Amino acid sequence: MKTFYAIIFILFIFIFGCSKTDKTENNVTKNLTIFFVNDVHGQIENFSKVKHIIDAERENTNVIVASSGDLFSGNPAVDNYSEKGYPIIDIMNQIGFDIAVLGNHEFDYGVEILKDRIEQSQFQWVCANVDVNNSGLPQPPAYSTITIDDLKITFLGLVETAGSNNKIIPSSHPGKIKDLTFYRAQNIVKSFINTKDIEDADLFIALSHLGFYGFEDNLGDYQLAQQNYFFDMIIGGHSHAIIDTTISNIPIFQTGSYLHNLGKIVISINNKSIKSVNFELIDLDNYQHHDDQLKASIETYNNLPELNEVIGYSHQYHSRQQLGCFYTDAMRLKMNVDVSFQNTGGIRTSLDQGNITKREIFEISPFNNGTIIFEMTVAEIKQFLIGSESGFYYSGVYIRKVGDEIEIQDLKDRKIPDDYILKVGINDYIPAVNNIFFPDNGIAQPLTAAETLIAYLQEINNEVNYQYCNQYFRY
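Counting from 43, one number per residue, gives the positions in the sequence shown under my numbering.
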């Protein structure tokens, strides 16, 4: 009889003990740290600090490293490297990035170069709203699941498509993405409502390059969270803003831009949901430690003496707005045209007082856009200014709004009639985005926009001194 009761006791312990263990395993809380960058734009100097921080964290917990878009365009050492953009890919490989979403400026070098950079990446690229068709570009998966310490984290990639009023494209040169098809995020995102279950993921994260606030028919992270409850988190980019907020119980984060900061998200996960989340913005400019080996690589990449050639002098600090006058004056005079225009987003940084180097001009105008000359009537120019729904710096005329009309005057304050033909010099991104307002017979010029500015400083006027700039118009 004692043997019988002993057997019953052992079975009791085995059955209920196993049940308790299973229950405990299902409710175990695991920790994860996600480091991320956004809108780096080729600024590689602080990446040696990033590696030091991440390597230390990896010794203590689970770590995933992500980019939420726009790695390229902004640092001449990266943009003008023999393999355009390769330095930043090499650096990210050395750090051990896990995943990146395609940002709009990933397309700036063109499909062939982007293909090479993707193939050199030791991390996964994702983007749900692009179809590469027969372009030769590797088709990125819509999402990718990273498994670490039995945690499964699924990232869905999304890129903005606000690059044109009459096309669904990101904000990049249309000529460089003509073979690709893009879709509005809001038209495709709900098709991923069951992705978390399909992947049996612990978290479903939108790795977004949509920007924080949407407008009209372009979704932003704010609306993405409001309308799609199935995301656990949104890690964003494109806005160049510091974002640390929660919308509809979904945390949303961004780090600013140009690698001044590193985002660190510490998450506790239990039963496929976030139990706690803490966001830390690490100030890289003031961080005092770095990885020696990576720092040496970065210094080698940045050591391009030809970029340090002095080509002019700035008499004062010039803001981007003040540079609008310099930019358009230089384009007009070097291209020998009547009027020039420049989009505000094409001027990417300010100009310090003192010597001007080629590096600084490439930083101001980093996109390698070509230049083109059109002959247009004043009436056609007015249609462009109204229909583009954008603001532009300009040179060579005076433009003002009179009631609902636009009046264009020459530099002697004389009104120019609508049928008068003017030669317009412009970077080729503007007519590519606003093609319906420009004639088909523009004459492409041999120099890029940045090269035109450099030639102006070298050949026409090497001094920049604009205390004020009122050469801006938006209808």
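Just so it is clear, CB atoms sit at the ideal spot from N, CA and C, and this is done for glycine as well. Quick caveat, the model's predicted, so the values are computed rather than measured.
- Going by beta carbons, S90 and D239 fall outside the 8 Å limit.
- Between the alpha carbons of T413 and I441 lies a distance of about 22 Å.
- With respect to N122, F404 sits close: the two C-beta atoms are nearer than 8 Å.
- Excluding the 5 residues flanking it on each side, Q265 has same chain C-beta neighbours closer than 7 Å at G256, in chain order.
- In the three-state DSSP reduction, I324 falls in the strand class (E or B).
- For D140 and I307, the gap between their C-alpha atoms comes out near 15 Å.
- In the DSSP annotation of this structure, G429 is not part of any beta strand (DSSP E); the continuous alpha helix (DSSP H) holding it starts and ends at V420 to G429.
- No Cβ-Cβ contact shorter than 8 Å links F273 with A170.
- DSSP, read as helix, strand or coil, puts R390 in coil.
- Under DSSP, R100 forms no beta bridge with any residue.
- Q269 and N135 have their C-alpha atoms roughly 35 Å apart.
- In the three-state reduction of the DSSP assignment, R226 falls in the coil class, being assigned neither a helical nor a strand state.
- The beta carbon of N260 is closer than 6 Å to those of A204 in its chain, skipping five residues each way along the sequence.
- Between T196 and T237 the beta-carbon gap is near 6 Å, inside 8 Å, which marks them as a contact.
- Cβ contact annotation for I311 (same chain, cutoff 8 Å, sequence separation greater than five): T71, K72, N73, L74, L193, D244, L245 and K317, in chain order.
- Residue ranges of uninterrupted alpha helix (DSSP H) with 4 or more members, entirely inside the region 345-393 and ordered along the chain, are 362-377.
- Rounded to the nearest whole angstrom, the C-alpha separation of L179 and S109 is 20 Å.
- Burial is judged here by how many other beta carbons sit within 10 angstroms of a residue's own beta carbon; A98 has fewer than 16 and is exposed.
- Here G262 has L252, G253, F254, Y255 and G256 as same chain residues with Cβ atoms under 6 Å from its own Cβ, once five neighbours each way along the sequence are excluded.
- Around the beta-carbon of P488, fewer than 16 other beta-carbon atoms lie within 10 Å, marking it exposed.
- Judged by their CB atoms, G366 and I389 are nearer to each other than the 8 Å cut-off.
- Contact annotation: the region 447-459 touches the region 418-432, with at least three C-beta pairs closer than 8 Å.
- V120 is a Cβ neighbour of I86, given a cutoff of 8 Å.
- According to DSSP, S186 shares a beta bridge with F197.
- Boundaries cannot be given for L453, as no alpha helix (DSSP H) includes it and DSSP labels it neither H nor E.
- Ranking N88, N69, D81 and V79 by CA distance to the CA of A338 puts N88 first.
- Looking at I289, N291 and G305, the one whose alpha-carbon comes closest to that of A283 is G305.
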